[in-house]
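Asker:
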């Protein structure tokens, strides 16, 4: 039987524990190719690199049976680079991104490098899934996610995904009790309220560290935030058309341009 | 009469011709505050800066009557920084971003720093408009856009914008004939097909420049691409919920997690 071809990427960098876990899981049933950033690229959103050149270097990090490259680019760059210069025209059956060290629920999907790689793949018509664990630790415990990740990837390879979609999968941090299952959710309408921590450098100039609190006033029980808070795995199907279609008719009737 | 308070930002950097034009236009009827990147930030998508500190320095670039700051951050960072450390709690009546040197139609909205600033504002509940000209030249001619920009900003200040929305306004490059008017559009479903130009550096290592062709197979006459190709100003109302809501029921009925 021909194994499915799975491209693995992430935004925490090719040596992160999350991608190491994901590669190991995919290798149990797929041919795995890795193209991932050579350094952490968290919160890069859907950035791409056009004003400077990109590096792409082969690495033996994942053993002789995994074709692996590290790149100086963003997660979206990695997906773009993989097409021409790694896969040389072979189309992956799926792109999986992560496992991110940290939550990508709610509005974080916009800032997420993990999900930008998945959405970039969706644009190319390749089914894609971003996996994130709501635990920012470099040594986060991914063990409770493993069986779900394999199940979700295998199931989506089987039932297929509508063209142009990517799944945003988030896992609650490891608790004493097992995960309660999977919920198909919508993105909670919540936001970050930033605070900037102003400091003064040794030369007397001020600089700012971004910090913030996540504020969720969305009380829906169909959201990713609700699922995570209740120890479910959250799956949000995502698309890339930002058009507020309902507003087109409103503007056509109310605004006079 | 109290003037509206308008925050101006962009992604080409605070000295670009596009933002200089936008500041001049806004000053004719508004109190203007500028917080913009200190260097070009094109294609930064919705990147934010969390792993390094940010600079924010006052500048007199736009004269004594315009409070202006340049920042080392991304366009989204600039919007976030403006809240606490520039406006100190005053909420702008509108955020305008641009005028971008280059198109932000169709899928480019995802990669666009210009639109990430507008969408970041929308998240904060501040009406926002990103302006882009389909001309990448540093010395692009914005003259045909000016009356439309003033008209669109004034009209949206008057009729209001639904919370959480931002407008993506694109202008065709200057032609011999005048613009034909404004079309309210949807985002064309099109994409970039990248080619990477591989070169070898003086040390024998290869590097890659991203290039690409824009491929539009969306034949709709209600798209931003159609409007631009037909010399209309395109306005796409944008929102930030990426959920593919129709897919929730499909996954709930077809996939077995």
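Chains as they are written, first to last, in the working numbering: chain D, 14 to 270; chain G, 14 to 270.
Where a beta carbon is used, it is the ideal one built from N, C-alpha and C, also for glycine.
Bridge partners for residue 47 of chain G per DSSP, in chain order?
Answerer: In the second chain, the residue the question calls residue 47 of chain G occupies position 34. For residue 47 of chain G, which the question treats as bridged, DSSP gives the partners G:21, G:81.
Asker: Taking only beta-carbon atoms, is residue 81 of chain D less than 8 Å away from chain G?
Answerer: The residue given as residue 81 of chain D occupies position 68 in the first chain. Not closer than 8 Å to any Cβ of chain G, the Cβ of residue 81 of chain D fails to qualify, so no.
Asker: Tell me which residue opens and which closes the alpha helix (DSSP H) that residue 126 of chain D is part of.
Answerer: Along the first chain, one-based indexing puts residue 126 of chain D at 113. Counting along the chain, the alpha helix (DSSP H) containing residue 126 of chain D begins and ends at 126-136.
Asker: Name the one or two DSSP bridge partners that residue 250 of chain D has.
Answerer: Mapped onto the first chain, residue 250 of chain D falls at position 237. Note: residue 250 of chain D sits in a beta bridge opposite D:180.
Asker: Does any CB atom of chain G fall closer than 8 Å to the CB of residue 67 of chain D?
Answerer: Sequence index remark: in the first chain, residue 67 of chain D carries index 54 (1-based). Output row for residue 67 of chain D: interface = yes.
Asker: At 7 Å on the CB atoms, spell out the chain D contacts of residue 172 of chain G, in chain order.
Answerer: Taking the first residue of the second chain as 1, we reach residue 172 of chain G at position 159. Chain D residues near residue 172 of chain G: 267, 268.
Asker: Identify whether residue 226 of chain G lies in helix, strand or coil by the three-state DSSP scheme.
Answerer: As a working mapping, residue 226 of chain G is identified with position 213 in the second chain. Looking at residue 226 of chain G - three-state DSSP - the assignment turns out to be strand.
Asker: Determine which residues share a DSSP beta bridge with residue 205 of chain D and list them.
Answerer: Position 192 of the first chain, counting from 1, holds the residue named residue 205 of chain D. Its beta-bridge partners are D:227.
Asker: Out of G:252, G:74, G:235, G:251, point me to the one whose CA is closest to residue 245 of chain G's CA.
Answerer: If you number the second chain from 1, residue 245 of chain G lands on position 232. That would be G:235, whose Cα lies nearest to the Cα of residue 245 of chain G.
Asker: Report yes or no: do three or more beta-carbon pairs, one from the segment 140-152 of chain D and one from the segment 189-209 of chain D, lie closer than 8 Å?
Answerer: Result no; under three Cβ-Cβ pairs closer than 8 Å.
Asker: State the Cα-Cα distance for the pair residue 128 of chain G and residue 110 of chain G, rounded to the nearest angstrom.
Answerer: Reading the second chain from its first residue, position 115 is the one you call residue 128 of chain G. Reading the second chain from its first residue, position 97 is the one you call residue 110 of chain G. Each residue's Cα considered, the two are about 7 Å apart.
Asker: What do you reckon, are the CB atoms on residue 178 of chain D and residue 190 of chain G nearer than 8 Å?
Answerer: The sequence position of residue 178 of chain D within the first chain is 165, counting from 1. The sequence position of residue 190 of chain G within the second chain is 177, counting from 1. Contact flag unset, no.
Asker: If I measure Cβ to Cβ from residue 154 of chain G and keep anything under 6 Å in the same chain, skipping five residues before and after, which residues do I get?
Answerer: Mapped onto the second chain, residue 154 of chain G falls at position 141. Excluding residues within five positions, the ones whose Cβ falls inside 6 Å are 187.
Asker: Name the DSSP bridge partner or partners of residue 113 of chain D?
Answerer: Numbered from its first residue, the first chain carries residue 113 of chain D at position 100. Beta-bridge pairing links residue 113 of chain D to D:145.
Asker: With contact counted as at least three CB pairs below 8 Å, one residue from each stretch, are the segment 50-62 of chain D and the segment 80-88 of chain D in contact?
Answerer: In this structure the segment 50-62 of chain D lies against the segment 80-88 of chain D, because at least three pairs of beta carbons, one per stretch, are closer than 8 Å.
Asker: Is it buried or exposed, residue 115 of chain D, if we count other Cβ atoms within 10 angstroms and call 16 or more buried?
Answerer: Along the first chain, read from residue 1 onward, the residue named residue 115 of chain D stands at position 102. So residue 115 of chain D counts as buried.
Asker: What residues of chain G sit near residue 258 of chain D, judged by a beta carbon separation below 8 Å?
Answerer: Residue mapping note: residue 258 of chain D aligns to position 245 of the first chain, counting from 1. By Cβ distance, chain G contributes 199.
Asker: So who's on the other strand from residue 120 of chain D, going by DSSP bridges?
Answerer: If you number the first chain from 1, residue 120 of chain D lands on position 107. Answer is none; residue 120 of chain D lacks a bridge partner.
Asker: Less than 8 Å between the beta carbons of residue 113 of chain D and residue 194 of chain D, yes or no?
Answerer: Locating residue 113 of chain D in the first chain gives position 100, where the first residue counts as 1. Locating residue 194 of chain D in the first chain gives position 181, where the first residue counts as 1. It is not a contact, given that the beta carbons lie outside the stated cut-off.
Asker: So, does the CB of residue 49 of chain G fall closer than 8 Å to a CB anywhere in chain D?
Answerer: The count along the second chain starts at 1 and reaches residue 49 of chain G at position 36. No, its Cβ sits nowhere closer than 8 Å to a Cβ of chain D.
Asker: Given a cut-off of 8 Å on the beta-carbon distance, is the pair residue 79 of chain D and residue 36 of chain D in contact?
Answerer: As a working note, residue 79 of chain D is residue 66 in the first chain. As a working note, residue 36 of chain D is residue 23 in the first chain. Contact flag set, yes.
Asker: Around the C-beta of residue 14 of chain G, are 16 or more other C-beta atoms found within 10 angstroms, so that it is buried, or is it exposed?
Answerer: The count along the second chain starts at 1 and reaches residue 14 of chain G at position 1. It counts as exposed.
Asker: For the structure I just gave you, are there three or more beta carbon pairs, one from the segment 260-269 of chain G and one from the segment 93-109 of chain D, closer than 8 Å?
Answerer: no
Asker: If we ignore side chains and look at the alpha-carbon of each, how far apart do residue 139 of chain D and residue 53 of chain G end up?
Answerer: Working through the first chain from its first residue, we reach residue 139 of chain D at position 126. Working through the second chain from its first residue, we reach residue 53 of chain G at position 40. Rounded to the nearest whole angstrom, the CA to CA distance from residue 139 of chain D to residue 53 of chain G is 31 Å.
Asker: Where do the N-terminal and C-terminal ends of the beta strand (DSSP E) with residue 32 of chain G fall, by residue?
Answerer: Taking the first residue of the second chain as 1, we reach residue 32 of chain G at position 19. Where residue 32 of chain G is concerned, there is no enclosing beta strand (DSSP E), although the alpha helix (DSSP H) it sits in stretches over 30-40.
Asker: Against chain D, does residue 251 of chain G count as a neighbour if the rule is that its beta carbon must be under 8 Å from one of theirs?
Answerer: Stepping through the second chain from its first residue, residue 251 of chain G is reached at position 238. For residue 251 of chain G, the answer is yes, since a Cβ of chain D falls inside 8 Å of its Cβ.
Asker: Compare the beta carbon distance of residue 221 of chain D and residue 69 of chain G with 8 Å and say whether it is the shorter of the two.
Answerer: Locating residue 221 of chain D in the first chain gives position 208, counting from the first residue. Locating residue 69 of chain G in the second chain gives position 56, counting from the first residue. Yes, the pair counts as a contact, with Cβ atoms nearer than the cut-off.
Asker: First and last residue of the beta strand (DSSP E) that includes residue 162 of chain D?
Answerer: As a first step, residue 162 of chain D must be located in the first chain, where it is residue number 149. Note, residue 162 of chain D: premise wrong, no beta strand (DSSP E); alpha helix (DSSP H) at 159-172.
Asker: Is DSSP giving residue 92 of chain D helix, strand or coil here?
Answerer: Position 79 of the first chain, counting from 1, holds the residue named residue 92 of chain D. DSSP places residue 92 of chain D in helix when its eight states are reduced to three.
Asker: Can you find a C-beta in chain D that's less than 8 Å from the C-beta of residue 53 of chain G?
Answerer: What you label residue 53 of chain G is simply residue 40 of the second chain in a count that begins at 1. Yes, because at least one Cβ of chain D sits closer than 8 Å to the Cβ of residue 53 of chain G.
Asker: How many Å lie between residue 66 of chain D and residue 180 of chain D at the Cα?
Answerer: If you number the first chain from 1, residue 66 of chain D lands on position 53. If you number the first chain from 1, residue 180 of chain D lands on position 167. Whole-angstrom Cα-Cα distance: 30 Å.
Asker: Compute every distance between the C-beta of residue 129 of chain D and the non-hydrogen atoms of the ligand PLP, then say whether any falls below 7 Å.
Answerer: As for the ligand PLP, it is missing from this structure, which has no ligand bound.
Asker: The segment 107-128 of chain G: which residues have C-beta closer than 7 Å to a C-beta of chain D, in chain order?
Answerer: 120, 122, 123, 124
Asker: Could you pull out every residue in the same chain whose Cβ sits closer than 8 Å to the Cβ of residue 212 of chain D, ignoring the five residues on either side in sequence?
Answerer: In the first chain, the residue the question calls residue 212 of chain D occupies position 199. Hits under 8 Å: 219, 220, 221, 222.
Asker: Excluding the 5 residues preceding and the 5 following residue 71 of chain D in the sequence, name in chain order all residues of the same chain whose CB lies nearer than 6 Å to its CB.
Answerer: The sequence position of residue 71 of chain D within the first chain is 58, counting from 1. The answer, listed in chain order, is 82.
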